[in-house]
Amino acid sequence: MFHAPIVPRARKRSRPAEASAPRREGVKFEDVRLYLVERKMGRSRRSFLTELARSKGFIVEDVLSDVVTHVVSEDSQASSLWAWLKGGSVKNLPVMHVLDISWFTDSMREGKPVAVETRHLIQETLPASPEATTPTPVSTVSQYACQRRTTTQNNNKIFTDAFEVLAESHEFNDMEGPCLAFRRAASVLKSLPWTVQNLRVTEDLPCLGEHSMCVIEEILQHGRSFEVEKILSDERYQILKLFTSVFGVGPKTAEKWYRRGLRSFSDVLAEPSIHLNRMQQSGFLHYGDISRAVSKAEAQALGNIIDEAVHAITPDAILTLTGGFRRGKDFGHDVDFIVTTPQLGKEERLLTSVIDRLKHQGILLYCEYQASTFDESKLPSHRFEAMDHFAKCFLILRLEDSQVDGGLQTAEEDRRGWRAVRVDLVSPPVDRYAFTLLGWSGSRQFERDLRRFARMERRMLLDNHALYDKTKKEFLAATTEKDIFAHLGLEYIEPWQRNATVIL
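Just so we're aligned, residue 1 is where the sequence shown starts under the UniProt record's numbering, counting upward by one.
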């Protein structure tokens with residue numbers, strides 16, 4: 001049986017007695033509860049904004065309590081605001097969004113709660129003190145993510161989020177160098193067990209170029225990056241981000257659609273000259289489901305489905321959960337599995353048989369199968385390839401509410417009782433299993449740096465297929481990930497310590 005951590009059904013939070021009872025008529029957004037801070041805003045303006053929000057279906061609490069999810073303030077002085085907030089008796093303050101008025105204005109304009117972005121946040125500023133955590137000596141911070149353990153908490157989220165926006169913007173402009181530079185910088189800051197509070201402590205950190213340092217300095221001075229805010233408000237960036245959120249649509253396709261004057265999904269779907277491929281058609285058809293995060297409990301349920309299908313075909317098959325869920329993530333965009341057999345060659349027809357079984361069960365909503373093109377004689381590969389050459393399939397499966405412990409992650413108004421979820425399967429020969437497991441576990445930045453370390457520091461070539469020693473001119477065998485780390489002379493890093501990439 002497939003085993004993975006089970007997420008218990010979340011208990012509904014009880015409403016504290018001291019919380020207010022705002023008007024309930026016409027409520028549209030039950031999961032969002034606002035509190036408008038009167039400080040700096042004034043009583044009359046607060047009253048006006050409260051009525052405005054309630055008229056648009058928002059719940060606005062009159063008293064700050066533990067039921068509040070979004071705190072909105074016009075006080076731009078983060079230190080004084082946070083001191084006031086902490087002066088109350090609210091226990092859930094660490095999980096609340098503390099936002100400036102721009103989030104409220106954007107939400108009123110859209111008529112719904114907009115996604116919280118870096119530019120909306122009023123971040124807590126921690127004063128430097130003798131008791132503060134002593135920063136890790138920069139000499140101990142490696143330039144390679146494969147020599148850094150990520151912490152359970154991102155202490156520098158305001159900086160790493162900004163770097164990710166800049167990286168994505170450069171990716172949309174097909175500028176790979178700056179894109180990678182910002183992602184490396186974000187990865188370094190994410191690994192720090194302390195919060196960057198002044199520019200001096202970053203001066204000798206690796207992978208922080210002049211541009212990254214300027215962004216850090218601006219955020220330290222103003223609490224935000226004006227360059228990032230400009231990108232986030234740019235129409236092209238917003239539209240490309242929207243289009244690339246569709247399954248099967250990459251930056252180049254999104255750019256083509258944008259240049260043709262298309263600005264929305266309805267524009268794309270109404271354009272007769274655009275012929276969507278099967279993947280893109282499914283991406284639009286199931287967009288509401290597959291654009292929403294997958295929970296750990298849903299991943300477990302899918303693991304049980306795949307486990308049953310695989311072992312009904314091959315009882316001794318090996319099935320392993322990979323990707324973000326193997327790295328301990330609570331949510332992900334899809335669910336990835338490696339499936340193989342103990343006997344070489346027996347795995348060759350395994351995926352097609354699994355696909356047939358899922359199709360027979362009536363839960364296969366989409367499938368793209370890619371046969372193996374793996375050729376051992378062409379190893380080692382001297383150029384980086386994002387994808388390996390093993391047999392794989394990209395699926396969209398129907399997952400029933402009854403199959404998930406605690407139920408599906410769906411909107412309250414969704415009465416279907418099921419959702420569509422993306423599932424990827426890869427099937428390497430068993431002698432390549434360790435390399436595939438390491439590659440598919442991620443994170444993307446961790447894997448990129450691991451291969452760079454192998455090439456630059458050990459004169460070795462590493463990918464999802466093999467590890468080749470250029471000095472000895474021989475392939476190095478491995479049956480576990482620990483074998484690969486040992487060959488590279490690296491201390492083993494557990495999967496949950498490899499979250500070097502800012503995004504999922």
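Note that the Cβ used here is the ideal one computed from N, Cα and C, for glycine as well.
| Check | Outcome |
| --- | --- |
| Given 8 Å, three or more beta-carbon pairs between the segment 179-190 and the segment 151-171 | yes |
| Classification of phenylalanine 172 by the beta-carbon crowding that lies within 10 angstroms, buried from 16 upward | buried |
| CB contact flag (tyrosine 237, serine 295, <8 Å) | no |
| Test: phenylalanine 265 CB closer than 8 Å to a CB of chain D | Here there is only one protein chain, and chain D is not present. |
| Cβ shell of leucine 395 (< 6 Å), same chain only, five flanking positions each side left out | Cys367 and Val423 |
| Outcome for alanine 299 when other beta-carbon atoms lying within 10 angstroms are tallied against a minimum of 16 | buried |
| Short Cβ contact (8 Å threshold) for threonine 195 with asparagine 156 | yes |
| Isoleucine 427 - containing beta strand (DSSP E), residue span | Note on residue identity: the sequence assigns serine, not isoleucine, to residue 427. Where serine 427 is concerned, the enclosing beta strand (DSSP E) stretches over 418-427. |
| CB contact flag (arginine 60, leucine 36, <8 Å) | Here residue 60 is valine; the residue named in the question, arginine, does not match the sequence. In contact: valine 60 and leucine 36 (Cβ atoms closer than 8 Å). |
| Given 8 Å, three or more beta-carbon pairs between the segment 330-343 and the segment 415-433 | yes |
| Buried versus exposed call for alanine 391 [16 or more other C-beta atoms within 10 Å across all chains shown] | buried |
| Closest residue to glutamine 343 among Asp316, Ser443 and Gly288 (Cα-Cα distance) | Asp316 |
| Secondary structure of isoleucine 59, DSSP reduced to three states | strand |
| Segments of 4+ residues assigned as alpha helix (DSSP H) that fall wholly inside the segment 163-206 | 176-191 |
| Residue interval of the beta strand (DSSP E) (run including cysteine 367) | 364-370 |
| The segment 66-75 / the segment 99-107 touching (three or more Cβ pairs under 8 Å) | yes |
| Environment of serine 129 [buried if 16+ CB atoms lie within 10 Å] | Legend: pLDDT at serine 129 = 42, less than 50; position of this residue unreliable, no value from coordinates given. |
| Proximity to alanine 309 [Cα-Cα], best of Gly328, Asp289 and Ser353 | Ser353 |
| Identity of the residue in Lys472, Met279, Arg109 and Arg260 nearest glutamate 271 by Cα | Arg260 |
| At least three beta-carbon pairs within less than 8 Å, the segment 223-237 to the segment 480-489 | no |
| Own chain residues within Cβ distance below 6 Å of residue 507, not counting five before or after | Past the boundaries of the shown model lies residue 507; the chain is included only from 1 to 504, so the question cannot be answered. |
| For methionine 108 and valine 114, the rounded distance between their alpha carbons | 9 Å |
| When Asp449, Asn304, Gln370 and Arg451 are compared against leucine 399, the one with the closest alpha-carbon | Asn304 |
| Secondary structure of aspartate 463, DSSP reduced to three states | coil |
| For valine 72: DSSP bridge partner residues | Leu36 and Leu99 |
| Leucine 397: CB within 7 Å of a non-hydrogen atom of the ligand COA | Looking at this structure, you won't find the ligand COA or any other ligand, since it has none at all. |
| Closest by C-alpha distance to glutamate 124, when choosing among His487, Ala83, Asp174 and Phe284 | Ala83 |
| Helix, strand or coil at leucine 468 [DSSP, three-state] | For the record, residue 468 in the displayed sequence is tyrosine; it is not leucine. Note: tyrosine 468 maps to strand in three-state DSSP. |
| Counterpart residues of isoleucine 338 in DSSP-defined beta bridges | Thr320 and Val426 |
| Contact under 8 Å by Cβ, isoleucine 318 with arginine 357 | no |
| Outcome for tyrosine 144 when other beta-carbon atoms lying within 10 angstroms are tallied against a minimum of 16 | buried |
| Beta-carbon proximity check, leucine 240 vs glutamate 255, cutoff 8 Å | yes |
| Assumed close pair glycine 407, aspartate 401 - CB separation to whole angstroms, cut-off 8 Å | 5 Å |
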